[in-house]
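> With full-length UniProt numbering, letter number 157 in the sequence shown gets 157, and the count goes up by one each step, no holes. Heads up, the beta-carbon is just placed ideally off N, CA and C, and yes, glycines get one too. Keep in mind the model is a prediction, meaning the values are calculated, not measured.
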Amino acid sequence: MDSNKLFSIISVLREAIYLPTKNKKLILSSIFLCLFPNSLLLISNYISIYPLLLNFLMKLYLITKEYPTTPQFFDAIIGLRNDAEGFVKVHVFFVIFSYIVSTISMMMIVHSSLLVYSGKQSSLTDVYLRLKLTWVPVLITCLYSSMLYIGYTVLSICLIAVPMLGANGSVVSIMVGGLFAMLGRLLSVYLAMIWMVGVVVSVAEESCFGLEALWRGGEIVKGRRLQGFLIALMLLLADGMFTGGYGFVGAKNATGFILVNVLVLMKMFSYMVYTVFYCECRKEVSYARVVVGHNEELLP
1 MDSNKLFSII
11 SVLREAIYLP
21 TKNKKLILSS
31 IFLCLFPNSL
41 LLISNYISIY
51 PLLLNFLMKL
61 YLITKEYPTT
71 PQFFDAIIGL
81 RNDAEGFVKV
91 HVFFVIFSYI
101 VSTISMMMIV
111 HSSLLVYSGK
121 QSSLTDVYLR
131 LKLTWVPVLI
141 TCLYSSMLYI
151 GYTVLSICLI
161 AVPMLGANGS
171 VVSIMVGGLF
181 AMLGRLLSVY
191 LAMIWMVGVV
201 VSVAEESCFG
211 LEALWRGGEI
221 VKGRRLQGFL
231 IALMLLLADG
241 MFTGGYGFVG
251 AKNATGFILV
261 NVLVLMKMFS
271 YMVYTVFYCE
281 CRKEVSYARV
291 VVGHNEELLP
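In structure tokens:
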């Protein structure tokens, strides 16, 4: 890799790390306001889902030990159905609520980062005004981004996993399928980076949202796509490491609680990184403008 490109990646990460030092009050306040509900939601999700899943598995085990004609078998079947319904309802509730909280947190962090990056002395009031002004377009863009990601995931499974079912144990077929699966995963990282920059575009640029913002995100990163991909890959690996640790430890002790907060902080840091990356790329695009309060101004 070209040394200039490597330096560009390091400079983006460094700028995101030092961004809070430019306006500690605004950034730290935004982080705290986002950290508490996200952490509480993750812990509540674990505490709610774990007992339901445990009861479901216990009843599933009892079914294998009972004869189909016994009353205990039918009781276990009914209990299994009730547990499954409860699990689905709780899971759907947390998925929807998590999406809303995550989207609001993303908007708040990106708005705060844009204001700090612009060099203006701003407060939470300015962030609130920008949230009030842009939350609908940003939400629309996030929904488009989510639908595209789900569609890509389903398509990848159909094109890769389904043909592998007919491999009949062929080592070559399995290796080829594994290679395509890895390439598909790397492509999803690249696309997610493009779409995340598009979401930042919908936050930063007035009257640009939805598919237009996602398309513009791809246009803005032209010439720096490799750097964007590597940044996204680094963030994914870091997030995966902490997610794996949380999945192993759980939320039942202090270590789990710390990992939950680290996961949330990592997510917020990724928003700051993508915001800085957008700003760096946007310097090369003269037509882009960002909204500051109720006015439009070019970033420095």
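Go through its chain and collect everything with a Cβ distance to residue 305's Cβ below 7 Å, but skip five positions before and after it.
Because residue 305 is not part of the residues shown, which for the chain are 1 to 300, the question remains open.
> State yes or no: is the C-beta of residue 49 within less than 8 Å of the C-beta of residue 111?
Taking the sequence shown and counting its residues from 1, one reaches residue 49 at position 49. Taking the sequence shown and counting its residues from 1, one reaches residue 111 at position 111. No, these two residues do not count as a Cβ contact at 8 Å.
> With three or more beta-carbon pairs closer than 8 Å as the criterion, would you say the stretch 119 to 133 touches the stretch 81 to 88?
no
> Sorted by chain position, which residues of the same chain lie with C-beta nearer than 6 Å to residue 198's C-beta, five sequence neighbours on each side aside?
Counted from its first residue, the sequence shown places residue 198 at position 198. Closer than 6 Å at Cβ, skipping near neighbours: 213, 214 and 217.
> Which same chain residues end up closer than 7 Å to residue 191 when comparing Cβ atoms and leaving out the 5 residues on each side of it in sequence?
Taking the sequence shown and counting its residues from 1, the one referred to as residue 191 is at position 191. Only 152 meet the Cβ criterion.
> Could you check whether the Cβ of residue 142 sits closer than 7 Å to any heavy atom belonging to the ligand PLP?
This structure lacks the ligand PLP; in fact it carries no ligand of any kind.
> Restricting to Cα atoms, I'd like to know which of 74, 220 and 27 is closest to residue 123.
Along the sequence shown, read from residue 1 onward, the residue named residue 123 stands at position 123. With distances taken between Cα atoms, residue 123 lies closest to 27.
> Quick one, which of 179, 22, 113 and 61 has its alpha-carbon nearest residue 268's?
On the sequence shown, position 268 is the one that residue 268 refers to. Nearest option by C-alpha distance: 113.
> Three or more C-beta pairs under 8 Å: does that hold for the stretch 32 to 45 against the stretch 72 to 81?
no
> Go ahead and label residue 20 buried or exposed: buried means 16 or more other beta carbons lie within 10 angstroms of its beta carbon, across all protein chains shown.
Taking the first residue of the sequence shown as 1, we reach residue 20 at position 20. Residue 20 comes out buried.
> If you compare alpha carbons, which of 229, 23, 42 and 134 is closest to residue 93?
For this step, residue 93 is matched to residue 93 along the sequence shown. Nearest of 229, 23, 42 and 134 to residue 93, Cα basis: 42.
> I want to know whether the stretch 134 to 142 touches the stretch 102 to 111 - three or more CB-CB distances under 8 Å.
yes
> Report yes if the C-beta distance between residue 264 and residue 232 is below 8 Å; otherwise report no.
Looking up residue 264 in the sequence shown gives position 264. Looking up residue 232 in the sequence shown gives position 232. No. Outside cutoff.
> With residue 281 and residue 224 assumed to form a contact (beta carbons below 8 Å), what rounded beta-carbon distance in angstroms separates them?
For this step, residue 281 is matched to residue 281 along the sequence shown. For this step, residue 224 is matched to residue 224 along the sequence shown. Indeed, because the Cβ distance is near 6 Å, the residues count as touching under 8 Å.
> Rounded to the nearest angstrom, what separates residue 44 and residue 142 at their Cα positions?
Within the sequence shown, the letter at position 44 stands for residue 44. Within the sequence shown, the letter at position 142 stands for residue 142. In a straight line, the C-alpha of residue 44 is about 24 Å away from that of residue 142.
> Between residue 221 and residue 194, which are expected to be in contact by the criterion C-beta below 8 Å, what is the C-beta distance as a whole number of angstroms?
Start at 1 with the first residue of the sequence shown, and residue 221 comes out as number 221. Start at 1 with the first residue of the sequence shown, and residue 194 comes out as number 194. Between residue 194 and residue 221 the Cβ distance is about 7 Å, and since that is below 8 Å, they are a contact.
> Express the C-alpha separation of residue 259 and residue 238 in angstroms, rounding to a whole number.
Walking along the sequence shown from the start, residue 238 turns up at place 238. Walking along the sequence shown from the start, residue 259 turns up at place 259. So the two alpha carbons sit approximately 12 Å from each other.
> How many Å lie between residue 9 and residue 279 at the Cα?
Along the sequence shown, read from residue 1 onward, the residue named residue 9 stands at position 9. Along the sequence shown, read from residue 1 onward, the residue named residue 279 stands at position 279. The straight-line gap from Cα to Cα measures roughly 13 Å.
> Could you tell me whether the Cβ atoms of residue 182 and residue 174 are closer together than 8 Å?
As a position in the sequence shown, residue 182 is number 182, starting the count at 1. As a position in the sequence shown, residue 174 is number 174, starting the count at 1. No, they are not a contact pair.
> When the Cα of residue 101 is compared with those of 180, 38, 270 and 14, which residue comes out closest?
Mapped onto the sequence shown, residue 101 falls at position 101. For residue 101, the nearest C-alpha among the options comes from 38.
> Please list the terminal residues of the continuous alpha helix (DSSP H) segment that includes residue 218.
By one-based count along the sequence shown, residue 218 stands at place 218. 211 to 220 is the extent of the alpha helix (DSSP H) around residue 218.
> Taking its Cβ as the centre, do 16 or more other Cβ atoms sit within 10 Å of residue 272, making it buried, or is it exposed?
Here the question's residue 272 lines up with position 272 in the sequence shown. Residue 272 is buried by the Cβ-count criterion.
> Output the boundary residues of the alpha helix (DSSP H) element that contains residue 204.
For the purposes of this step, residue 204 is identified with residue 204 of the sequence shown, where counting begins at 1. Its alpha helix (DSSP H) spans residues 171 to 204.
> Classify residue 240 as helix, strand or coil using the three-state DSSP reduction.
Sequence index remark: in the sequence shown, residue 240 carries index 240 (1-based). Residue 240 carries a helical assignment under DSSP once its states are collapsed to helix, strand and coil.
> In the DSSP assignment, find the unbroken alpha helix (DSSP H) run with residue 132 in it and report its ends.
Within the sequence shown, residue 132 is the residue found at index 132, counting from 1. From DSSP, the alpha helix (DSSP H) with residue 132 extends over 124 to 156.
> Mind checking whether residue 16 and residue 276 have CB atoms under 8 Å apart?
Position 16 of the sequence shown holds residue 16. Position 276 of the sequence shown holds residue 276. Yes. Within cutoff.
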